[in-house]
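Right, one structure below, let's go through it.
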Amino acid sequence: MFVKKILLSILSILYISLNVFSQDNENIVYAQQLFGNGEYEKAKKIYERLYQNKNFKEIAYDGYMNTLFKLKEYDLAEKVIKKEIKDDSGNQNLKVYLIQLYIEKGDKPNADKTLNDLLGKLPPNNFSISQIANNFYRINQYEYAAKVFIQGRKVINSNNAFSFELINLYKYLQQKDFLTQELINLVETQPEYLPSVKSNFSRAYQSNEDYQILKSLLIKRLQKNTDNLALSELLAWTYIQIKEFNLALIQTISIDKRTDGNGALLFQLAAILKDEYQYAYAQKAYEQLILKGKNNPYYISAQIELLKIKQEQANNKGSIGLEAAALETAYEAVLTEFGYNQRTLFAVLELAKVKANYLNKLPAAEKLLLDALNIPRLNPNELAEVKLELADVNILNNNPWEASLLYGQIEKSLPNTVLGQEAKFRNAKIAFYNADFKWAKAQLDVLKASTSQLIANDALDLSLLIQEHFDEDSSNNALKTYAKAEFLREQHLHEQALSKLDSVLKAYPNTDLADDILLSKAKIYEAKRDYKQAISYYEKLCNDFSNSIWIDDAIYNIGIIYQDKIQNNQSASLYYEKLIKDHPGSIYTIDARKRFRLLRGDSL
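As numbered in mature numbering (1 follows the signal peptide of the UniProt record, and there is no 0), residues -22 to -1, 1 to 582 make up the sequence shown, in order.
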């Protein structure tokens, strides 16, 4: 009986204890809710009682301190914190609250003194150091957190510890000098982070001066560590940012030779140089790859890319017609050396374009493309590219129905792809040329939702043209004549196209196709390399038809002519700037902004 009474007493005590413990847990949650609602006095009473309970002291401490700070009861807070520090002198985290207290009181000398005391007693343990720094994060004292990490390196004797934490801190504090040094240190010791380091520099730097400083620091660091390849690659990248392309090329060639590399870095650099319109340096990079010999994995690609550069230069200068024979010889030499295969398909397609568009060798171009259809292992996209070119040749050869058939095959084999949509657009243009305006517009309206912005924009423009000028109850003779002129322009029959356009204006002097005709004439004269006349028509369009849908086309094309054809960069910049300011929603604005910044010398 006596034992039974004892057991009942123990169970009663346990029940009461568990009940009290459960209630105190609920009180913690309630205090947190009060604090969140700004009822600090009520929260303080609960936290204070819980803090005095040894079972809840540690749990309640943070909430108690935060409440005292909110109530600005600094004397009481200081008394509690110092007692905690005295009772647990080895816990440096406790000093963070004391530092926070001094900061809130505006007592910086004592805050700094306490921080120095903390730094002098940092535990030699990565986790503990991170925990202290994170507590400074919590109170938004990021500079103090950085000081903890820096001192922590000394304590654990590791110059590379806490790199990522410091990088994030310096980015937040916008301390570019410290960030730069930290990123250089990181890539020097951990080269696998080079892409991330480049990305960080791109986000942190706003001016050419920043990159100039980085260049100087890298050169000094490389003088001490000449064999560090990651630093060398970072320096080459820096040269590109400040547009010292020749030095970027020299540096990359040096890295390639030192590592006996396969040319991967050179090939990547050449692509960047080409995108930056640095054709001379890109050509040198590709030539360096070719010198490695036929066994190099980039040998064929370098040959092809060299031809692309020559083609782009000829296109930009508007001299492709003059250089067509030389391009034909170059492409044929590549095909003779490497044969007709998947890797040389680009050369086949470009050779066909040169023969068809500039040398009037339509039968040769057609045969070349028909043979290309039989190249082994071509994927559906590559077959579609061949058929697109073959269809274009058929248009030049005045076989629009054959071209339409090929476009239809591409659209059917590659639905909902860019190539399939391009084929659909070209087929709609054929319908337009043949005055089947309703069907053409139906196709164009579908393409306005194309995933390709260029196709969507072109489809929208042609759809609007039909919508504005097509009248179902009339003969639409003006629009039909204009469509025939556009077909002649597509066939490069420039004089006939001009004559047909003039006939529209003569027969229908009040036609609202006048702005469309000006645009078409400008493009014809541009194709004829009569740039002065082309610009005059583009400018007349801008001046006489301020509401035309072709205004942004005209402004952009004038800029391109001045920059690429006439080499008048000052005039080109003026037109790019006009497009950016007056037509920010134009499809050409992104490229115009890039070209404008390049001409101005900005770092991209």
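Cβ coordinates follow ideal geometry from the N, Cα and C atoms, glycine included.
What you are looking at is a predicted structure, and each value in this text was computed from that prediction instead of being measured.
Asked	Found
Beta-carbon proximity of Ala381 to Val332, cut-off 8 Å	no
Option nearest Val126 by Cα separation, candidates Gln168, Ile162 and Lys73	Lys73
Separation of Lys288 from Gln474, as counted between CA atoms	31 Å
Span separating the alpha-carbon of Tyr115 from that of Ile145	14 Å
8 Å CB neighbourhood of Ala427 in its chain, flanking five on each side removed	Ala434
Cys520: CB within 7 Å of a non-hydrogen atom of the ligand NAP	As for the ligand NAP, it is missing from this structure, which has no ligand bound.
For Glu468, the nearest candidate out of Pro169, Ile502 and Asn88 (CA to CA)	Ile502
Where Tyr276 sits in the DSSP three-state scheme	coil
contact_flag[the segment 125 to 143, the segment 175 to 187] where n(CB pairs < 8 Å) is 3 or more	no
Length at least 4, wholly inside the segment 310 to 339: the alpha helix (DSSP H) runs in chain order	323 to 335
Euclidean distance between Cα positions of residue 591 and Ala248	Residue 591 cannot be examined here, being either before or after the span of the chain that is shown, -22 to 582.
Assigned secondary structure, Glu344 (DSSP; H/G/I helix, E/B strand, else coil)	helix
Test item: CB-CB of Gln261 and Leu284 under 8 Å	yes
Assumed close pair Asp494, Leu443 - CB separation to whole angstroms, cut-off 8 Å	6 Å
Same chain, Cβ closer than 6 Å to Ala214, five either side skipped, listed in chain order	Ala226, Gln229 and Thr230
Of the listed residues Leu97, Gln548, Lys572 and Gln545, nearest to Ile558 (C-alpha basis)	Lys572
Coil, strand or helix - Thr204 by DSSP	coil
Beta carbon of Gly537 nearer than 8 Å to that of Tyr509	no
Contained alpha helix (DSSP H) runs [length at least 4] in the segment 154 to 211, N- to C-terminal order	154 to 167, 172 to 182 and 186 to 202
Which of helix, strand or coil DSSP assigns to Trp528	coil
Classification of Ser498 by the beta-carbon crowding that lies within 10 angstroms, buried from 16 upward	buried
Close beta carbons around Tyr80, own chain, < 6 Å, minus the five adjacent residues each side	Asn88 and Ala89
Nearest-angstrom beta carbon gap, Lys35 and Tyr29 [assumed within contact, 8 Å]	5 Å
Cα-Cα separation between Asn377 and Phe465, rounded to whole angstroms	12 Å
Separation of Lys390 from Ile220, as counted between CA atoms	48 Å
Proximity to Glu414 [Cα-Cα], best of Ala9, Asp53, Lys48 and Gln445	Glu is not the amino acid found at residue 414; the sequence shown has Asp there. The residue with the shortest Cα to Cα distance from Asp414 is Gln445.
Alpha-carbon spacing of Ile278 relative to Gln246, whole angstroms	15 Å
Whole-number beta carbon distance between Ile117 and Lys78, since they are thought to touch under 8 Å	Per the sequence presented here, residue 78 reads as Gln, with Lys not at that position. Rounded, the Cβ-Cβ distance is 5 Å, consistent with contact.
Of the listed residues Gln541, Lys132 and Cys520, nearest to Asp531 (C-alpha basis)	Cys520
For Val396 and Thr326, the rounded distance between their alpha carbons	One point to set straight first is that residue 326 is Val, not Thr, in the sequence displayed. Going by the C-alpha atoms only, they are around 21 Å apart.
Sub-8 Å separation of Leu313 and Ala292 beta-carbons	no
Proximal residues to Ala463 (C-beta, below 6 Å), its chain only, five neighbours per side dropped	Ala475, Lys478 and Leu479
Given Lys132 as reference, the closest of Ala123, Leu97, Asn375 and Tyr150 once Cα atoms are compared	Leu97
Cβ neighbours of Gly130 in the same chain (closer than 7 Å, five flanking residues each side left out)	Leu100, Ile107, Ala139 and Phe140
Reduced DSSP secondary structure (H/G/I, E/B, other) of Phe523	coil
Burial state of Ala409, where buried means 16 or more other Cβ atoms lie within 10 Å	buried
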